[in-house]
Amino acid sequence: MDSKSNKSSISDYCFNPNDSQAFIGINYGQVADNLPPPSSTAKLLQSTSIQKVRLYGSDPAIIKALANTGIGIVIGTANGDIPGLASDPNFAKSWINTNVLPFYPASNIILITVGNEVMTSNDQNLMNKLLPAMQNVQNTLNDESLGGKIKVSTIHSMGVLKQSEPPSSGSFDPSYGDLMKGLLEFNSANGSPFAINPYPYYAYRSDTTPETLAFCLFQPNAGRMDGNTKIKYMNMFDAQVDAVYSALNSMGFKNVEIVVAETGWPYKGDDNEVGPSIDNAKAYNGNLIAHLRSLVGTPLMPGESVDTYLFAFYDEDLIKPGPGSERSSGLFKTGVTMVYDVGLSTSSQIQAPAAAPQPPPAAAAATTTTSNNNSSTSTSTGTGTRVDAVYSALNSMGFKNVEIVVAETGWPFKGDDNDVGPSIENAKAYNGNLIAHLRSMVGTPLMPGK
1 MDSKSNKSSI SDYCFNPNDS QAFIGINYGQ VADNLPPPSS TAKLLQSTSI
51 QKVRLYGSDP AIIKALANTG IGIVIGTANG DIPGLASDPN FAKSWINTNV
101 LPFYPASNII LITVGNEVMT SNDQNLMNKL LPAMQNVQNT LNDESLGGKI
151 KVSTIHSMGV LKQSEPPSSG SFDPSYGDLM KGLLEFNSAN GSPFAINPYP
201 YYAYRSDTTP ETLAFCLFQP NAGRMDGNTK IKYMNMFDAQ VDAVYSALNS
251 MGFKNVEIVV AETGWPYKGD DNEVGPSIDN AKAYNGNLIA HLRSLVGTPL
301 MPGESVDTYL FAFYDEDLIK PGPGSERSSG LFKTGVTMVY DVGLSTSSQI
351 QAPAAAPQPP PAAAAATTTT SNNNSSTSTS TGTGTRVDAV YSALNSMGFK
401 NVEIVVAETG WPFKGDDNDV GPSIENAKAY NGNLIAHLRS MVGTPLMPGK
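Structure below.
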């Protein structure tokens, strides 16, 4: 290997949004009476780094509104359509003629999901007819020369697994037998994904210890060792996804792609619910997005990020009776502002509500050490303001094109009793939010977009 091949530029290690944003999708439910018009939602989507949208149905107004945006669209058939799709190829043809052909390819439909969580519905009739329904939809797409462009699958809950801990022991419930094998053979033969809904939130609800919460929120924790592989898992999302991978592998289908069709965390719930809060929802979704963008992958699938659809775009106030948390998972308000900011916006026009007070700017000061006199000086301006101040200084000297590199910045997690500012919480907030800010590619006011 010559010396040239050992050299790397900074750009080799920089976050590239074009490489990673394709992994981030969102669920767009419509069980609500206060949703903005589809055109407003389409415009909002284009101001974010979200590249895929999953619809639970096939609303033509939404599909049309997303035309020529390049945003990938997942549409779905209702569970009630499955018997007709299974028994009558003409029903499948009519469905495609109505819901796909008038819009494709201007509207970038990438996947059709036949039913939702059918295998855990306890409806044996639907379970038996699911595969024939998928086959008829696939056959119709093939007849229209769309079979290689639009995939067909179905959505599963984590309940299809008999075992998920440790991840290496993940396995499907054997009661599904040949039904699950047939679905996996379909996925494999047609290059379609195995779509699953992992929710660390529900794992936390069954074990509400602080350690489990940290594990579920991608926060610092002791980790959990898989005794079989000796892999230490540091978050529940990876553990759940790898359990699915192990289940697929145990059936001989490790090459079938996994797609996370739903995952999220409610920001609000009833008084007796443990877990829902703005802080927890922001931590889960924000850290999940950062994890996906890192392209680290999971221990069993390193170096790649699974397509992941966040739940959800908006709250759905008319959703079935149940806990308040089921109606409070939206990342955006129906007035098209953010409920909380997880770094999805690429437009300064969408501002997160300033609900929580921030530390005073002095607490965000960076420290500069001068080596010739061992002295340290601090400024009382925030890091973003400081960077633009440096830009202005360069500009005033005629050197605005000189690149600025922040060689040091940080926040102490501990100090003396009379020190104001040092704490684990503040250090984590500063460094975590700074990283999210850098990854967002928003830039500074004087140097936007980088």
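When the letters of the sequence shown are read in order and numbered with full-length UniProt numbering, they come out as residues 1 to 450.
Cβ atoms here follow ideal geometry from the backbone N, Cα and C, with glycine treated the same way.
This one's a predicted model, so the numbers in the text were calculated from it and none came from an experiment.
Heavy atom of the ligand SAM within 7 angstroms of residue i beta-carbon
i	result
Gly25	Only the bare structure without any ligand can be found here, which leaves the ligand SAM out of the picture.
Residue burial classification, residue i (beta-carbon count within 10 angstroms, cutoff 16)
i	result
Gln138	buried
Val339	buried
Gln51	buried
Asp307	buried
Ser328	buried
Tyr430	buried
Lys4	Low confidence applies to Lys4: its pLDDT is 37, below 50, so where it sits in the model is not reliable enough to give any reading.
residue 452	Any property of residue 452 remains undetermined from this structure, which presents the chain solely from 1 to 450.
Glu262	buried
Val402	exposed
Gln124	exposed
Ala239	buried
Ala356	Because the pLDDT of Ala356 is 33, which lies under 50, any placement of that residue in the model is unreliable, and the number read from its coordinates should be weighed accordingly. Ala356 is exposed by the Cβ-count criterion.
Pro105	exposed
Val406	exposed
Ile404	exposed
Ile150	buried
Ala364	Unreliable placement is indicated for Ala364, whose pLDDT of 35 sits below 50; the coordinate value is still reported in the next sentence. With 16 or more other Cβ atoms within 10 Å, it is buried.
Pro75	Before going on, a small fix: residue 75 reads as Ile here, not Pro. By the 10 Å Cβ count, Ile75 comes out buried.
Ser145	exposed
Asn27	buried
Thr98	exposed
Pro353	For Pro353, the predicted structure reports a pLDDT of 36, less than 50, and the residue's modelled location is therefore unreliable. A value from the coordinates is still provided. It counts as exposed.
Pro193	buried
Ile62	buried
Thr209	exposed
Proximity to residue i [Cα-Cα], best of the options
i	options	result
Ile258	Tyr28, Val244, Ala86	Val244
Ala195	Leu184, Ala189, Arg205	Leu184
Ile155	Leu130, Phe413, Tyr176	Leu130
Leu344	Asp315, Leu300, Leu288	Leu288
Glu273	Arg205, Lys282, Tyr309	Arg205
Glu211	Met234, Val114, Gly191	Met234
Asp317	Ile110, Gly330, Pro302, Asn99	Gly330
Thr48	Thr69, Ser58, Lys181, Val390	Thr69
Ser168	Phe332, Asp417, Pro412, Ala247	Ala247
Ser134	Asn433, Asp242, Asn187	Sequence inspection shows Met at residue 134; the Ser mentioned does not correspond to that position. When each option's Cα is compared against that of Met134, the closest is Asn187.
Val260	Asn197, Asp315, Asn90, Pro302	Asn197
Gly148	Lys162, Leu111, Asn128	Leu111
Lys400	Asp419, Ala389, Glu165	Ala389
Glu408	Leu394, Leu434, Asp419, Val420	Leu434
Lys230	Gly335, Ser423, Pro166, Arg54	Pro166
Lys162	Ser250, Lys428, Leu394, Met236	Ser250
residue 467	Val74, Pro38, Tyr284	Examination of residue 467 is not possible in this model, given that the chain is present from 1 through 450 alone.
Lys22	Ala61, Leu35, Ile73, Tyr28	The amino acid occupying residue 22 in the given sequence is Ala; Lys does not appear at that position. Minimum Cα distance to Ala22 is reached at Ile73.
Ala281	Phe413, Ala78, Pro200, Asp59	Pro200
Ser153	Gly182, Pro276, Gly177	Gly182
Thr346	Thr334, Asp279, Pro60, Leu438	Leu438
Gln30	Phe413, Glu304, Gly57	Gly57
Leu141	Asn128, Pro89, Ile62	Pro89
residue 451	Thr209, Phe215, Asn190	Residue numbering for the chain in the displayed model covers 1 to 450; residue 451 lies beyond these limits and cannot be assessed.
Met180	Thr209, Val342, Pro132	Pro132
Ser305	Leu101, Thr113, Asp242	Asp242
For residue i: DSSP bridge partner residues
i	result
Val74	Arg54, Leu111
Leu161	Phe172
Phe194	Ile258
Phe332	Met338
Leu35	BP columns for Leu35 are empty, so no partner.
Ser153	Thr113
residue 482	Because the chain here runs from 1 to 450, residue 482 falls outside it and cannot be looked at.
Gly297	Pro302
Tyr28	Leu55
Thr48	Ser345
Those runs of the alpha helix (DSSP H) which lie wholly inside the stretch 221 to 257 and span at least 4 residues: 236 to 250
Going residue by residue through the stretch 111 to 147, where are the continuous beta strand (DSSP E) segments of at least 3 residues, counting only ones entirely within it? none
Please confirm if the stretch 262 to 280 is in contact with the stretch 306 to 326, defined as three or more CB-CB distances below 8 angstroms between the two stretches. yes
Sufficient close CB pairs (3 or more, under 8 angstroms) joining the stretch 221 to 230 to the stretch 281 to 294: no
For the structure I just gave you, are there three or more beta carbon pairs, one from the stretch 144 to 161 and one from the stretch 209 to 221, closer than 8 angstroms? no
Does the stretch 35 to 54 come close enough to the stretch 81 to 95 to have 3 or more Cβ pairs within less than 8 angstroms? no
Under 8 angstroms: do the stretch 165 to 173 and the stretch 109 to 118 share three or more Cβ pairs, one atom per stretch? no
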